[in-house]
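These protein sequences, in sequence, are chains W and Y. Taking this note's numbering, the leading residue of the first sequence gets 1, the next gets one more, and so forth. Taking this note's numbering, the leading residue of the second sequence gets 1, the next gets one more, and so forth. Idealized CB from N, CA, C, for every residue including glycine. It should be emphasised that the depicted structure is a prediction, and the values quoted were computed from it without experimental measurement. For reference, the structure is listed below as structure tokens.
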Amino acid sequence: MILPCLVGTIFLHAASQPLSLSIAAPEQTVQIGSELKIKTTLTNLTNHVITLRDRIRACDYPVQVRDETGNLAPETDYQRHLKCNARFTESRNILVVLKPQESRQDEIIINQLFDLSVPGTYSVQASRTIPKELGPEPIKSNIITISITKYIINLT
Amino acid sequence: MPKILLGGSNGTDITGTTQSVVVGQQIVLYGSYTLPSGITVTSQAWTVPGATVGGFNTALTNGGSTATNFSQQSTTFYWVVPATSQQVTFTLNLSNNTSPKVTATFNISGPTLAGVTTQLGQVVITSEPALSLGNYPSIAGIQLTASATPPTGYSNSFEWVQIITNDTKMITLNDNTTTTCVPATTPAGGLPFLDNVYPYDTNNPTTDIPETVLDSTQFRELTRNFSATMYLLWKPGLQNSIFVPLGTVGWQWSGDAVYNAGNQTWTLNSSSKSANAFSASSTYPTWTRYSDYSSQSCH
Numbered sequence: 001m002i003l004p005c006l007v008g009t010i011f012l013h014a015a016s017q018p019l020s021l022s023i024a025a026p027e028q029t030v031q032i033g034s035e036l037k038i039k040t041t042l043t044n045l046t047n048h049v050i051t052l053r054d055r056i057r058a059c060d061y062p063v064q065v066r067d068e069t070g071n072l073a074p075e076t077d078y079q080r081h082l083k084c085n086a087r088f089t090e091s092r093n094i095l096v097v098l099k100p101q102e103s104r105q106d107e108i109i110i111n112q113l114f115d116l117s118v119p120g121t122y123s124v125q126a127s128r129t130i131p132k133e134l135g136p137e138p139i140k141s142n143i144i145t146i147s148i149t150k151y152i153i154n155l156t
Numbered sequence: 001m002p003k004i005l006l007g008g009s010n011g012t013d014i015t016g017t018t019q020s021v022v023v024g025q026q027i028v029l030y031g032s033y034t035l036p037s038g039i040t041v042t043s044q045a046w047t048v049p050g051a052t053v054g055g056f057n058t059a060l061t062n063g064g065s066t067a068t069n070f071s072q073q074s075t076t077f078y079w080v081v082p083a084t085s086q087q088v089t090f091t092l093n094l095s096n097n098t099s100p101k102v103t104a105t106f107n108i109s110g111p112t113l114a115g116v117t118t119q120l121g122q123v124v125i126t127s128e129p130a131l132s133l134g135n136y137p138s139i140a141g142i143q144l145t146a147s148a149t150p151p152t153g154y155s156n157s158f159e160w161v162q163i164i165t166n167d168t169k170m171i172t173l174n175d176n177t178t179t180t181c182v183p184a185t186t187p188a189g190g191l192p193f194l195d196n197v198y199p200y201d202t203n204n205p206t207t208d209i210p211e212t213v214l215d216s217t218q219f220r221e222l223t224r225n226f227s228a229t230m231y232l233l234w235k236p237g238l239q240n241s242i243f244v245p246l247g248t249v250g251w252q253w254s255g256d257a258v259y260n261a262g263n264q265t266w267t268l269n270s271s272s273k274s275a276n277a278f279s280a281s282s283t284y285p286t287w288t289r290y291s292d293y294s295s296q297s298c299h
């Protein structure tokens, strides 16, 4: 009697994630001042088409960057002044149509959002805001680690 | 005689040879030489033919190509237009009034047959209601589809950058006064400005559905005039490479929405929309400010 309930719970949890989000850094070590990008991959896990809008990238994909001690990295003016709860009805408005299992990639320039002028190792996690009808919570990505260095030594 | 090293001071000697490179590839050249005793360098210079840039700055308030520096022993630059048999010369001007020079030749490949096709939606009043080009979630206001033949050994990697060249709303308020509004930019300054962020999109095709919410509690007529230039850029998948421009598409639309208090509905009084043909160009987009459209400036 217990087993069906357990299976049902697991199934419900899986079904509640209509999308998955993964992130990756093309370069895991970058020099201070260089552009630090992460690539996002949003995948439709359902068996139906999902339609979304891509508007303000930093609002669609909120990013958390933490230093080695777990403190949040300082925000840039751009990030600090963003009004993600405003009605962005006139901004960039890209129609995103994801078929079942289809993925869409985007890229986020982390330096636009955070001041990474201090060398060190940073952990980065993104999430994707979704319409309420798709779920109550943003979809969270994996966490990646990126190193900011003063100098890049090329051994090749 | 000096030598030309490709890749920096520890690079490969390419003096007198022909090299194959691609647009957007980082080219680091180093003029290597040993001076006879008592001789000094008075100046040194690179002569680099073709269209080149020193880089592509993508900061939100300072976007565009950067200048090259061809008057140092080492130079870093990027070709942005394909060309063959481009002879690069490194010249040393010495204190004994001699000017030894050496050359290397470059063949620069790049994407060919680049183009963008556009598909426009209709200007409509949506159910929200909003004045919109296109109708989310079913119809894009504009869809831009890029195509190009990549050089052998490379695949296409596109990105889009959109510069807003006009976005003006004329609003008749419910007290019969009129006001003109434009999106607020950072820093202030108005048109033209970067649409939101760099890049606009990295997917192909890309779309836009510009729309304005119609609020009958505030105003009874709204006219929006919008025009933008979408830049298509291409990048080889090489380390330290940059995007190079392939061309632009200018597009524009307008709409005049009027509120009918009798039946409490908005109607479209007039509208227009068009997209220009793709214009091939190696000119980088430039911008000094951006707008996230979170506020507007009205007067």
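- Among the residues of the region 201-233 of chain Y, those with a Cβ less than 7 Å away from any Cβ of chain W are D201, T202, N203, T206, T207, D208, I209, P210, E211, T212 and V213, in the order of the chain.
- Between L173(Y) and chain W, the shortest Cβ-Cβ separation is not below 9 Å.
- Under the three-state reduction of DSSP output, Q112(W) falls in the helix class.
- In the structure shown, L232(Y) falls within a strand segment according to DSSP collapsed to helix, strand and coil.
- In this structure L238(Y) is exposed. Its beta-carbon is surrounded by fewer than 16 other beta-carbon atoms within 10 angstroms.
- Residue-level contact check: D13(Y) does not touch chain W, since none of the beta carbons of chain W fall below 9 Å from its beta carbon.
- Note that the C-beta distance between T172(Y) and R224(Y) is not below 9 Å.
- Using a 10 angstroms sphere on the CB of G63(Y), the tally of other CB atoms reaches 16 or more, which defines it as buried.
- For the region 31-62 of chain Y, the set of positions with a beta-carbon nearer than 8 Å to some beta-carbon of chain W reads T58 and L60 in chain order.
- In the same chain as S20(W), and ignoring 5 residues on each side of it, the C-beta atoms closer than 7 Å to its own belong to T43, L45 and I139, in chain order.
- Separation of Y259(Y) and C59(W) (C-alpha to C-alpha, rounded to the nearest whole angstrom) is 32 Å.
- In its chain, beyond the 5 residues on either side, T89 and T91 have a beta carbon closer than 6 Å to the beta carbon of K101(Y).
- Listed in chain order, the positions of the region 270-296 of chain Y with a beta carbon within less than 9 Å of a beta carbon of chain W are Y290, S291, D292, Y293, S294, S295 and Q296.
- Residues of the region 99-119 of chain W with a Cβ closer than 8 Å to any Cβ of chain Y, in chain order: R104, Q105, D106, E107, I109 and Q112.
- Using a C-beta cut-off of 8 Å, the region 74-88 of chain W makes no contact with the region 28-42 of chain W, since fewer than three inter-stretch Cβ pairs fall below that distance.
- Of all C-beta pairs linking the region 9-21 of chain Y to the region 124-144 of chain W, fewer than three are shorter than 8 Å, placing the two stretches out of contact.
- Within the same chain, Cβ atoms closer than 6 Å to the Cβ of D292(Y) are found at N196, the five residues on either side in sequence being excluded.
- Think of a sphere of 8 Å around the beta carbon of R57(W): the chain Y residues whose beta carbon falls inside it are N196 and V197, in chain order.
- K235(Y) sits buried, since 16 or more C-beta atoms from the chains shown fall within 10 Å of its C-beta.
- Straight through space, the alpha carbons of N174(Y) and Q218(Y) are spaced by roughly 6 Å.
- As a beta-bridge residue in DSSP terms, I171(Y) pairs with T179(Y) and L222(Y).
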